Amino acid sequence: MKKKLLYLSAGAYLLSLTTLSAVSYKINGQDADTPTDIGNEMFTTRAYYCQTNESGAWVDIPLADRVLPNFTSDAIKFDNVNVTLNQSFDVFKFEGLYYTNLVITGADTVANFSDNIWGDGAGTNTIKILDGATVTMANDFCANNSMATIDIVGFADKNTTFNGSFGSVETVVNLDRATWYNEKHGTLVNQNGALTLSNTTWTNTAGGLDINTPSTADNTSALVELKDGNVVNLAGNIRLGGSNGASGTATLLIRGSNNELTATNLEGPTEGRSGGDSVLKVTGNDNTIFIDGGNINLDGYVVNGPITGGSQGVDIQGEGNVFKGTNRMHIGRNDGDSLYEGGTAYFRISSSSAENKARLYLASNVNLGLGDGESSTYVSEFTIGGNTV
């Protein structure tokens, strides 16, 4: 093992970097073989850079109670530390490297990000928050890659917790911006974006969750997947399908067990749709979905552009799952001035077990809307299947 030291003047702090000897570092553009004095700022105003020159090498940083303004590397791991980053945190690629990894792990890790986090470059960008770490986001969490993946994985006896308002994931093709917004916006997952949660408490106090299909014939997919043991509370709406959707899929998939998902409304976009399929799909067991306060609008309110194709719906399978709504459910036209010429809106619920039935609780009406004119092929469907009460 090879150790590199960075000394701060006035005896403020000592930062020790330990990793494989094949990895080299640069601190403020200087070779880290020589101790570097960066002044009395104590990492609050000056940039600190750690650059590795080999793919796949971890940089393990014991930064307990340190404050860093700017830290850059191609592979970073925080393990059981307390880290405050008060400027941009950049995770980027160098020429010839193919993977960018940011891992925040350990039940004792507390990471406070008050500015931006960026993942950039070719190949696959992976951001993982593991094993009960506590993360506070104040601004943007960005992954500049269409192949970006965000895995937020806790463990059974202690959830990974996001303090305050946790933001959005927006991943689009052709290396466009992928962003996690925090207090200012909700959560967006666009084409080729994926957000996977396991044993996680996710509270978004500023907005909801948008899962979008593309407005072009890209046939890309956007996926938010809940595995096991998640508690998700969204102050805003769950919106399935993008504006003027033309192709692809947008899926909120609950395939695990014992998940709780709460939002104000469940809805589609207010613009038209020519294609693409968006669905809230449940295949696991003993999950609860609660639409608290607002309406369930599956194509229920469209004001700009016609609906000529594609689909939007809810499909609850598995066993023992619960769907609750405190207001009306609109399937198909309810309001708005757009034409409904083709496509499908649906709600389906059933259980595979007679002993563990599905449960549907609705506090108000179910409205089935119709298409427009004799030539319309639009379908609205409400199905209560077997083993449902």
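Note that our numbering numbers the sequence shown so that position 172 is 158, with each residue one more than the last. We put the beta carbon where it would ideally sit given N, CA and C, even for glycine. Keep in mind it's a predicted model, so treat the numbers as computed, not measured.
> For Ala203, does the count of other Cβ atoms within 10 angstroms reach 16, so buried, or fall short, so exposed?
Replying inline: Under this definition Ala203 is an exposed residue.
>> Whole angstroms are fine: how far does the CA of Asp358 sit from the CA of Ala349?
In response: Inter-residue distance for Ala349 and Asp358 is about 29 Å (C-alpha atoms, whole angstroms).
> Quick one: is the Cβ of Leu226 within less than 7 Å of any heavy atom of the ligand NAP?
Replying inline: Of the ligands one can find in the structure shown there are none, so the ligand NAP has no counterpart to examine.
> Quick one: what does DSSP say Phe368 is sitting in, helix, strand or coil?
Replying inline: The answer is strand: DSSP assigns Phe368 an E or B state.
> Once you ignore the five residues that flank Glu367 on each side, which residues in its own chain have a CB closer than 6 Å to its CB?
Replying inline: Excluding positions up to five away in sequence, the list reads Tyr332.
>> Between the alpha carbons of Gly231 and Leu356, how many angstroms are there, rounded?
In response: In this model, Gly231 and Leu356 are separated by some 20 Å (Cα to Cα).
> Going by beta carbon distance, what residues of the same chain come within less than 7 Å of Ile335, once the five residues before and after it are set aside?
Replying inline: The answer, listed in chain order, is Ile302, Phe309, Ala344, Leu346, Ile370, Gly371 and Thr374.
>> By the DSSP assignment, the beta strand (DSSP E) with Glu459 in it spans what residues?
In response: Lying before the first or after the last residue shown, residue 459 is absent from the chain, which here runs from -13 to 375.
> Counting only runs that start and end within the stretch 212 to 259, where is the alpha helix (DSSP H) found for 4 or more residues in a row?
Replying inline: Entirely contained in the stretch 212 to 259, not one alpha helix (DSSP H) run reaches 4 residues.
>> Please return the same chain residues whose Cβ sits closer than 6 Å to the Cβ of Pro292, not counting the five positions on each side in sequence.
In response: Around Pro292: Gly258, Ser324, Leu325 and Glu327.
> Under the three-state reduction of DSSP, which class applies to Ala119: helix, strand or coil?
Replying inline: Look at Ala119 here: in three-state DSSP terms it is coil, with no helix or strand label.
> Among residues of its own chain, excluding the 5 on either side of Thr269, which ones have a beta-carbon nearer than 6 Å to its beta-carbon?
Replying inline: Closer than 6 Å at the Cβ level, and outside the excluded window around Thr269, lie Arg241, Gln303 and Gly304.
>> Between which two residues does the beta strand (DSSP E) holding Thr187 run?
In response: Looking at the DSSP string, the run of the beta strand (DSSP E) that includes Thr187 is Thr186 to Asn190.
>> Based on DSSP bridge pairs, tell me the residues matched to Thr330.
In response: Answer by DSSP bridge pairing, in chain order: Ser297 and Val365.
>> For Thr199 and Gly228, I'd like the C-alpha separation in whole angstroms.
In response: Near 5 Å, if we compare the C-alpha coordinates of Gly228 and Thr199.
> So which of Gly329, Asp94, Ser207 and Thr187 has the shortest CA-CA distance to Ala180?
Replying inline: Nearest of Gly329, Asp94, Ser207 and Thr187 to Ala180, Cα basis: Ser207.
> Taking the alpha-carbon positions, what's the Lys267 to Asn245 distance?
Replying inline: Rounded to the nearest angstrom, the gap between the Cα atoms of Lys267 and Asn245 is 13 Å.
> Does DSSP put Pro200 in a helix, a strand or coil?
Replying inline: DSSP places Pro200 in the coil class of the three-state scheme, outside both helix and strand.
> Which class does Asp263 belong to by DSSP, given the choice of helix, strand or coil?
Replying inline: In the three-state DSSP reduction, Asp263 falls in the strand class (E or B).
>> At the level of alpha carbons, what is the spacing between Gly254 and Ala119?
In response: Whole-angstrom Cα-Cα distance: 34 Å.
>> Going by DSSP in three states, Asp321 sits in which element: helix, strand or coil?
In response: Reduced to three states, the DSSP call for Asp321 is strand.
>> Among Gly92, Ile115, Val300 and Leu220, whose alpha-carbon lies nearest the alpha-carbon of Leu239?
In response: It is Val300.
>> Beta-carbon within less than 6 Å of Gly15's beta-carbon, same chain only, minus the 5 sequence neighbours each way: which residues are those?
In response: Its pLDDT being 41, under 50, Gly15 is placed unreliably by the model, and the measurement read from it follows with that caveat. Here the set comprises nothing.
> Thr274 by DSSP, collapsed to three states: which one?
Replying inline: Here DSSP, grouped into helix, strand and coil, assigns Thr274 to strand.
> When you compare each of Gly234, Asp278, Asn307 and Leu252 to Tyr287 by their alpha carbons, which one comes out closest?
Replying inline: Nearest option by C-alpha distance: Leu252.
> If we call anything under 8 Å between Cβ atoms a contact, is Gly194 one with Gly222?
Replying inline: By the CB criterion at 8 Å, Gly194 and Gly222 fall inside the cutoff.
> What residues are listed by DSSP as bridge partners for Thr312?
Replying inline: Paired residue(s): none; Thr312 is not in a bridge.
> Looking only at its own chain, which residues have a Cβ that is under 6 Å from the Cβ of Thr363, when we skip the five neighbours before and after it?
Replying inline: The residues are Gly328.
>> Whole angstroms are fine: how far does the CA of Asp278 sit from the CA of Thr235?
In response: Straight-line measurement puts the Cα of Asp278 at about 26 Å from the Cα of Thr235.
> Going straight from the alpha carbon of Val218 to that of Asn185, what length do you get?
Replying inline: Each residue's Cα considered, the two are about 10 Å apart.
> If you drop the 5 nearest sequence neighbours on each side, which residues of the same chain put their C-beta closer than 6 Å to that of Asn283?
Replying inline: Non-local C-beta neighbours of Asn283 in its own chain, meaning closer than 6 Å and more than five positions away in sequence, comprise Glu253 and His316, ordered along the chain.
> Alpha carbon to alpha carbon, how far is Asn176 from Ser264?
Replying inline: When only Cα atoms are considered, Asn176 and Ser264 end up about 12 Å apart.
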